[in-house]
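Each remark here refers to the structure printed beneath this line.
See below:
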């Protein structure tokens, strides 16, 4: 064999040995573990959820996402949200957030129109701390509309036959004020949905309220829905979804009566209207045992 051939063969053997050694070295090194990505659980809407819906387990699902992607103020357990009422429309797959159970007291036109079903009208009703359930009413709630009327200003006069009329002649005259109680109260409309609320700007006191200590708050729980701290003179506007006929009823009551809103349970969305009689002083005495005022006869001693 020529010397050049032997040299080439030797070089090839050396290269083969080096390659084999490299393979053994690489194969003997421990495999590097894949980086572990911390995961966390969030709660999301399983399907579209309408405003005013009380959450149940069937509407929610738990999802695993990277811990770094968890939104602030989200939840990790669907069970802790059961029974809470959402204050805005949620879409399938959307992460449930604390803000979904709160309202800032301002109604946006787009939100109102989206919540308004075909054939319905949006109508504003002004209430205060007493007539508006302490301003606890929020979008998505269901309310009853109560009307109270009185004859204090002769808008609802009571008439009777004139006792001085000639026999056979029917003459109707207004009963004098103070001779009767003209107050009447009735549930006017039932199970109306609130699609928006408007609150006045908070009263400036010049002092900022200190936040509660960190150890006294539960970041996992929705913030409680409470009154707004309005004075009795301040008003809240509730925007109701009503039919055209109900618009007429409410407007008449606004002009010539006094309106109140009473808050219903979220479970009453599909219930039938309750039968009510309305209340006057006569019903209070005959049906509820209220004692009729009477004059007392007092015998004075002779002078």
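Numbering (my numbering), first residue to last: 3 to 305.
Here a beta-carbon is modelled for each residue, glycine too, at the ideal position from N, C-alpha and C.
Alpha-carbon spacing of residue 240 relative to residue 91, whole angstroms: 18 angstroms
The beta strand (DSSP E) enclosing residue 288, as first and last residue numbers: Note, residue 288: premise wrong, no beta strand (DSSP E); alpha helix (DSSP H) at 283-289.
Residue burial classification, residue 199 (beta-carbon count within 10 angstroms, cutoff 16): buried
Residue closest to residue 279, alpha-carbon to alpha-carbon, out of 297, 68, 190: 190
Those residues which DSSP pairs with residue 137 across a bridge: According to DSSP, which records beta bridges pairwise, residue 137 is partnered with nothing at all.
For residue 115, the first and last residue of its enclosing alpha helix (DSSP H): 111-117
Span of the beta strand (DSSP E), counted from its first residue to its last, around residue 96: No beta strand (DSSP E) holds residue 96; DSSP gives it neither H nor E.
Candidates 66, 46, 93, 296: closest to residue 83 by CA position: 46
Residues sharing a beta bridge with residue 82, DSSP: DSSP output for residue 82 lists no bridge partner at all.
Member of 132, 115, 99 whose CA lies at the smallest distance from the CA of residue 262: 132
Nearest-angstrom beta carbon gap, residue 238 and residue 137 [assumed within contact, 8 angstroms]: 5 angstroms
Helix, strand or coil at residue 198 [DSSP, three-state]: strand
Bridge-paired residues (DSSP) for residue 243: 124, 195
Spatial distance of residue 95 from residue 72 (CA atoms): 14 angstroms
Identity of the residues DSSP links to residue 150 by a beta bridge: 187, 260
8 angstroms Cβ shell around residue 281 - same chain, five flanking residues per side excluded: 186, 187, 188
Residue 51 in three-state terms, based on DSSP: strand
Helix, strand or coil at residue 252 [DSSP, three-state]: helix
Cα-Cα separation between residue 55 and residue 102, rounded to whole angstroms: 11 angstroms
Where residue 77 falls, given that 16 or more other Cβ within 10 Å makes a residue buried: buried
Buried or exposed by the 16-neighbour rule on C-beta atoms within 10 Å, applied to residue 70: exposed
Three-state secondary structure (DSSP) of residue 46: strand
Straight-line gap, residue 52 to residue 125 (C-alpha atoms, nearest Å): 20 angstroms
Assumed close pair residue 141, residue 197 - CB separation to whole angstroms, cut-off 8 angstroms: 6 angstroms
Residue environment, residue 247, which counts as buried when at least 16 other CB atoms sit within 10 Å: exposed
For residue 68, the residue or residues it bridges with in DSSP: 41
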